[in-house]
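Asker: Structure below; questions to follow.
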Amino acid sequence: MNSITRTVATAAITAAALIGGTGLAAADVPPATPSLTGDDIVTVGDNAGCNGPIHIERTTDRAHPGQLTITATPRGDLGARPGCGTTIQVDWVNGIAPFTHSAQLPLDGGPATITVDAGLGASWVTVSVLPQRAFAVSNYIWIAP
24 MNSITRTVAT
34 AAITAAALIG
44 GTGLAAADVP
54 PATPSLTGDD
64 IVTVGDNAGC
74 NGPIHIERTT
84 DRAHPGQLTI
94 TATPRGDLGA
104 RPGCGTTIQV
114 DWVNGIAPFT
124 HSAQLPLDGG
134 PATITVDAGL
144 GASWVTVSVL
154 PQRAFAVSNY
164 IWIAP
């Protein structure tokens, strides 16, 4: 029981340090809750031979408050091989304007980057692919003011 208490206390202190810490440096990775598939979009089905995960990275920049930059990097054929292009869809909801915002970008031939105005504080961000069926990357993200 004592080790469980210690583990919970350590997790709480780590979370508090991430969210309420001294702030994030320029172009830093914002704290995010875990996603079912980690930081990879994972496709389901055949998709005409265009498969493979797409890795998602999120960064912020103190010079541009409230903006979140998302980079999608193919780790397989989908989005990388000729004829296997896809569309990345980013959806986000923040506490200031609590309704869904969306943006899309093509992913065809390698990494692609998009910057969205997610707002300051906590935002719920989901990154998925269209038209393929896939497990999306979905997290609550803290964008430091």
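In terms of my numbering, the sequence shown has 140 at position 117, counting the first letter as 1, and numbering is strictly consecutive.
No residue lacks a Cβ here, since even glycine has one placed at the ideal position from N, Cα and C.
The structure presented is a predicted model; accordingly, all values stated were derived computationally and were not measured.
Counting pairs of beta carbons, one from the segment 113-125 and one from the segment 140-159, are three or more of them closer than 8 Å?
Answerer: With the cut-off at 8 Å, the segment 113-125 and the segment 140-159 touch.
Asker: Check whether the Cβ atoms of Ile79 and Asp100 sit closer than 8 Å, and answer yes or no.
Answerer: No, they are not a contact pair.
Asker: By Cβ distance below 8 Å, which residues in the same chain neighbour Ser161 in space, the five residues on each side in sequence not counted?
Answerer: Only Ser58, Leu59, Trp147, Val148, Thr149 and Val150 meet the Cβ criterion.
Asker: Give me the Cα-Cα distance between Val66 and Pro76, rounded to the nearest whole angstrom.
Answerer: Checking the displayed sequence, the identity of residue 66 turns out to be Thr instead of Val. Looking at the two C-alpha atoms, the distance is approximately 7 Å.
Asker: Quick check: the Cα distance between Thr92 and Gly133, rounded to an integer number of angstroms?
Answerer: C-alpha separation (whole angstroms): 17 Å.
Asker: Are the Cβ atoms of Ile166 and Ala141 separated by less than 8 Å?
Answerer: Yes, these two residues count as a Cβ contact at 8 Å.
Asker: Mind listing, in chain order, the continuous beta strand (DSSP E) runs of no fewer than 3 residues lying wholly within the segment 60-124?
Answerer: Qualifying beta strand (DSSP E) stretches, in chain order: 63-66, 77-83, 90-97 and 109-117.
Asker: Taking 6 Å as the limit between beta carbons, can you name the residues of its chain near Cys73, skipping five residues before and five after?
Answerer: So the list reads Asp100, Leu101 and Cys107, once near-sequence residues are dropped.
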